[in-house]
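Everything on this sheet refers to the single structure shown next.
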Amino acid sequence: MAAVPLEEQLVCPICLELYAEPVTLPCGHSCCRSCIEDHWARRGEVTDCPACRALFSRRPDLCKNVALCDVVEAVRAGPLTSDPAPGARCPRHGRAVELYCQTERLCVCCACTVHVCRGHRRALLETEREAQQVSAYYVLAESRRQVVAAQDRLHQLQRQSDGIEDSASTLIVAVTNKLSSLLRALEAWREEVLWDLTLAKAAALGQAQDNQNRLRDHLDGLARYQQQIEMLLACPDHVRFLQESVRLAAPPALAALPPPQWDEAGLREGLEAVLAQLSRLLLHKDPQTLLLPSPTHRAYYRNLTFDPDTANRYLALSCQNQRASHGRRAVERGPGGDGERPGRFELWQVLCSQSFKSGCHYWEVRLSDHAVVVGVAYAELERRKRGHNPNNIGRGPCSWGLQVLEDRYEAWHNGQSQQVPEPRGPPTQRLLGVELDMAAGCLSFFSLEPQTQLLHSFSGSLFTKPLHPVFWLCEGRTVTLCQLPEPPAGPV
């Protein structure tokens with residue numbers, strides 16, 4: 028299959044001519060700036076793409092596509108190569124070349140001016156060399172200016188990297204000194220905070236290093252370009268100079284360098300919030316219980332089951348309503364089919380049949396993967412989907428939830444989220460423990476594999492109504508309610 032010529036791929040879909048100041052729309056298609064503005068003016072309030080008819084909610088900002096503009100300009104300029112004339116002789120007529128055809132950009136002989144280049148603009152070789160030599164000196168000066176600017180930017184990035192290094196070292200020392208004063212039971216929390224800080228440092232330094240590498244590559248390209256210009260300027264042969272100057276291509280411009288993302292103030296604020304939370308928890312509980320569920324959990328362990336009347340129609344319940352799986356097909360429940368019921372979620376959620384209005388309670392759940400929300404909610408939790416959120420656990424005042432993402436956890440309540448540390452090296456199968464203390468107003472989530480760690484605690488909450496365990500599952504996910512064997516009955 029023949030390839031489509033490049034010129035045919037650079038045509039505006041409105042005026043059917045080569046792009047003039049091309050701009051790119053959010054859908055990916057490009058148009059001339061004047062063409063798309065005239066098109067939208069004629070369409071009135073409708074803002075769409077003339078190529079694919081995609082509609083936009085508002086008129087997008089039009090930014091010039093610099094790379095596409097450069098390609099169009101290169102196509103307009105035509106080919107830059109020409110065959111060299113061996114021995115300064117015309118390859119067509121064998122005569123000595125004496126003139127330069129400015130139209131064809133070739134060195135030609137007198138016969139060419141009669142047969143080939145009739146009507147073209149021509150100049151003497153010496154005259155054309157002088158004109159192009161002035162342009163070459165200008166290009167060389169601009170290249171040298173870019174070298175100076177790039178070197179200054181490189182030094183600035185180096186100083187910025189040194190500042191990041193010093194700042195990160197200072198933060199690490201400060202965090203270590205603060206957390207070392209806490210009890211040994213809080214060691215896991217210190218490790219997680221330092222791990223997150225190291226990741227932030229690595230990300231910032233990695234971006235800075237990437238910028239430095241790009242600048243060095245740009246400097247290498249400019250150096251090669253300068254060397255080519257200098258060699259060309261040193262060439263005594265007019266013909267070779269003019270022929271080689273046509274082939275000379277400037278290196279691409281240096282793209283914008285994204286600044287390293289290092290927010291020392293934000294990191295300090297996050298670390299102080301974690302330390303403040305730990306201090307509050309230490310005032311209310313034995314520190315050891317912050318990390319390890321007590322063996323007394325067995326005394327108030329609750330075997331839960333899912334409520335089929337609340338399960339979304341894509342959630343299949345099995346194992347005596349102890350396992351919920353999100354499939355691609357709707358599930359029919361009962362002889363009446365999957366008719367809509369007032370208590371059924373439109374969201375991919377399900378409540379448990381059990382609810383708790385007082386006392387202490389503990390349960391465990393196993394997740395097949397991330398993209399799951401585990402929490403508790405009042406019975407009146409909204410069943411219908413409102414807004415763009417795929418779930419509403421923790422999005423309002425009547426629910427609390429822990430969202431399990433691929434690379435982190437997020438705790439949600441009343442529409443506010445808080446990122447919590449991720450246990451390092453999480454297994455494919457995730458086992459979580461949930462502790463609910465109604466009287467103390469405390470809801471805690473634990474990671475139980477590979478070792479027990481506290482993920483997050485909602486403390487100081489006022490639970491005014493019975494709470495149901497609630498879950499949200501993304502497609503392809505499974506949640507299993509772990510069951511504690513009932514104690515054997517005594518002899519009759």
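Taking the working numbering, the leading residue of the sequence shown gets 28, the next gets one more, and so forth.
Using N, Cα and C, we set each Cβ at its ideal position, and we do this for glycine too.
On a predicted model such as this, the values are computed, not experimentally measured, just so you know.
Helix, strand or coil at V519 according to DSSP, with G and I counted as helix
Sequence index remark: in the sequence shown, residue 519 carries index 492 (1-based). Summary for V519: the model assigns pLDDT 34, below 50, so the residue's position carries little reliability; its value from the coordinates is reported in the next sentence. It is coil, neither helix nor strand.
As a quick exercise: from Q446, G402, S382, pick the residue whose alpha carbon is nearest that of H495.
In the sequence shown, residue 495 corresponds to position 468, counting from 1. With distances taken between Cα atoms, H495 lies closest to S382.
So, for V447: in the same chain, excluding its five sequence neighbours on each side, which residues have a beta-carbon less than 6 angstroms away from its beta-carbon?
Numbered from 1 along the sequence shown, position 420 holds the residue referred to as residue 447. Taking C-beta separations shorter than 6 angstroms and ignoring five residues to either side along the sequence, the partners of V447 in its chain run Y436, A438, L482, H483, following chain order.
Distance, Cα to Cα, G297 vs L224?
The residue labelled residue 297 in the question sits at position 270 within the sequence shown. The residue labelled residue 224 in the question sits at position 197 within the sequence shown. Cα-Cα distance, rounded: 10 angstroms.
A115 in three-state terms, based on DSSP
Taking the sequence shown and counting its residues from 1, the one referred to as residue 115 is at position 88. In the structure shown, the three-state DSSP call for A115 is helix.
Unbroken beta strand (DSSP E) run spanning D464, endpoints:
Here residue 464 refers to the residue found at position 437 when the sequence shown is read from its first residue. Run containing D464: 457-464, per the beta strand (DSSP E) assignment.
In this structure, how does DSSP classify K91 when only helix, strand and coil are distinguished?
Stepping through the sequence shown from its first residue, residue 91 is reached at position 64. It is a strand residue.
Which ranges does the beta strand (DSSP E) cover as unbroken runs of at least 3 residues, wholly within the segment 211-268, from first to last along the chain?
Fully contained in the segment 211-268 is no beta strand (DSSP E) run of length 3 or more.
Going by CA-CA distance only, name the one from R413, P369, Y389, V431 that's closest to S395.
Reading the sequence shown from its first residue, position 368 is the one you call residue 395. Cα-wise, what sits closest to S395 is V431.
Taking 9 angstroms as the CB-CB limit, is I63 close to chain D?
Checking the listed chains, one finds no chain D in this structure; it contains a single protein chain.
So, helix, strand or coil for D75, using DSSP?
The residue labelled residue 75 in the question sits at position 48 within the sequence shown. Shown here, D75 sits in a strand according to DSSP, grouped into three states.
Cβ shell of G248 (< 6 angstroms), same chain only, five flanking positions each side left out:
One-based indexing of the sequence shown puts residue 248 at position 221. These residues qualify, in order along the chain: P278.
Answer yes or no: do W390 and W499 have a C-beta to C-beta separation smaller than 9 angstroms?
Looking up residue 390 in the sequence shown gives position 363. Looking up residue 499 in the sequence shown gives position 472. Not in contact: W390 and W499 (Cβ atoms no closer than 9 angstroms).
Could you check where the beta strand (DSSP E) with S484 kicks off and where it finishes?
Within the sequence shown, the letter at position 457 stands for residue 484. Residue range 480-485 is occupied by the beta strand (DSSP E) that includes S484.
Which of the three DSSP states is assigned to L470 in this structure?
Here residue 470 is taken as the residue at index 443 of the sequence shown, counted from 1. Looking at L470 - three-state DSSP - the assignment turns out to be strand.
Thinking G531 and F473 are a contact (beta carbons under 8 angstroms), I'd like their distance in whole angstroms, please.
Residue 531 lies beyond the stretch modelled for the chain, which goes from 28 to 519, so this question has no answer here.
Roughly how far, in whole angstroms, is the beta-carbon of A163 from the beta-carbon of I256, given that I think they are within contact range, below 8 angstroms?
Counted from its first residue, the sequence shown places residue 163 at position 136. Counted from its first residue, the sequence shown places residue 256 at position 229. Indeed, because the Cβ distance is near 6 angstroms, the residues count as touching under 8 angstroms.
Option nearest R295 by Cα separation, candidates R350, E131, L221
The residue labelled residue 295 in the question sits at position 268 within the sequence shown. Of the listed residues, the one whose Cα sits closest to R295 is L221.
Counting only the same chain and skipping the five closest in sequence on each side, list residues whose C-beta sits under 8 angstroms from that of A138.
On the sequence shown, residue 138 is found 111 positions in, with the first residue counted as 1. In the same chain as A138, and ignoring 5 residues on each side of it, the C-beta atoms closer than 8 angstroms to its own belong to C117, R119, H120, R122, in chain order.
Pick helix, strand or coil for Q430, following the three-state DSSP scheme.
The count along the sequence shown starts at 1 and reaches residue 430 at position 403. Of the three classes helix, strand and coil, the one that applies to Q430 here is strand, per DSSP.
Taking a contact to mean a Cβ-Cβ separation below 9 angstroms, would you say S380 touches T505 in this structure?
Residue 380 sits at position 353 when you count from the first residue of the sequence shown. Residue 505 sits at position 478 when you count from the first residue of the sequence shown. Against a cut-off of 9 angstroms, the Cβ pair of T505 and S380 comes out as no contact.
Spatially closest choice to A338 from Q349, R329, Y165, E462, by CA coordinates:
What you label residue 338 is simply residue 311 of the sequence shown in a count that begins at 1. For A338, the nearest C-alpha among the options comes from Q349.
Under 8 angstroms Cβ to Cβ from T332, same chain only, skipping five residues before and after it: list those, please.
Residue 332 sits at position 305 when you count from the first residue of the sequence shown. Excluding sequence neighbours, T332 sits near Q347, N348, Q349, C379, S380, Q381, L508.
In chain order, what are the residue ranges of uninterrupted beta strand (DSSP E) at least 3 long that sit wholly in the segment 368-441?
List check, beta strand (DSSP E) in window: 376-378, 387-394, 399-404, 426-431, 436-440.
Where A78 and R171 are concerned, what is the direct C-alpha to C-alpha distance, given to the nearest angstrom?
Here residue 78 refers to the residue found at position 51 when the sequence shown is read from its first residue. Here residue 171 refers to the residue found at position 144 when the sequence shown is read from its first residue. Between the C-alpha atoms of A78 and R171 there is a straight-line separation of about 43 angstroms.
For R355 and D334, what's the separation of their Cα atoms in angstroms?
For the purposes of this step, residue 355 is taken as residue 328 along the sequence shown, with counting starting at 1. For the purposes of this step, residue 334 is taken as residue 307 along the sequence shown, with counting starting at 1. R355 and D334: Cα-Cα distance of roughly 20 angstroms.
Give the range of the beta strand (DSSP E) segment to which H495 is assigned.
What you label residue 495 is simply residue 468 of the sequence shown in a count that begins at 1. Secondary structure note for H495: its beta strand (DSSP E) is the uninterrupted segment 495-500.
Once you ignore the five residues that flank C90 on each side, which residues in its own chain have a CB closer than 8 angstroms to its CB?
Indexing the sequence shown from 1 puts residue 90 at position 63. If we look at C90 and ignore the five residues flanking it on each side, its Cβ neighbours are V50, T51.
Can you pull the DSSP bridge partners for Y328?
Walking along the sequence shown from the start, residue 328 turns up at place 301. DSSP lists Y389 as partners of Y328.
Which residue from V102, L133, V99 puts its Cα closest to that of A115?
Position 88 of the sequence shown holds residue 115. Comparing Cα-Cα distances from A115 to each of V102, L133, V99, the minimum goes to L133.
Pairwise C-alpha distance: V497 and V403
Locating residue 403 in the sequence shown gives position 376, where the first residue counts as 1. Locating residue 497 in the sequence shown gives position 470, where the first residue counts as 1. Each residue's CA atom was taken as its position, placing V403 and V497 some 5 angstroms apart.
How would you call P417, buried or exposed, if buried means at least 16 neighbouring beta carbons within 10 angstroms?
By one-based count along the sequence shown, residue 417 stands at place 390. Exposed, since its Cβ has fewer than 16 Cβ neighbours within 10 Å.
Starting from the Cα of V124, find the closest Cα among D290, G190, E153 and give me that residue.
Position 97 of the sequence shown, counted from the first residue, corresponds to residue 124. Looking from the CA of V124, the closest CA among D290, G190, E153 belongs to E153.
Whose C-alpha, out of N238, A195, R251, is nearest the C-alpha of L226?
Against the sequence shown, residue 226 aligns to sequence position 199. If we check each option's Cα against that of L226, A195 comes out closest.
Give the straight-line distance between the Cα atoms of A250 and R103, rounded to the nearest whole angstrom.
Position 223 of the sequence shown, counting from 1, holds the residue named residue 250. Position 76 of the sequence shown, counting from 1, holds the residue named residue 103. Taking the straight line from one Cα to the other gives about 28 angstroms.
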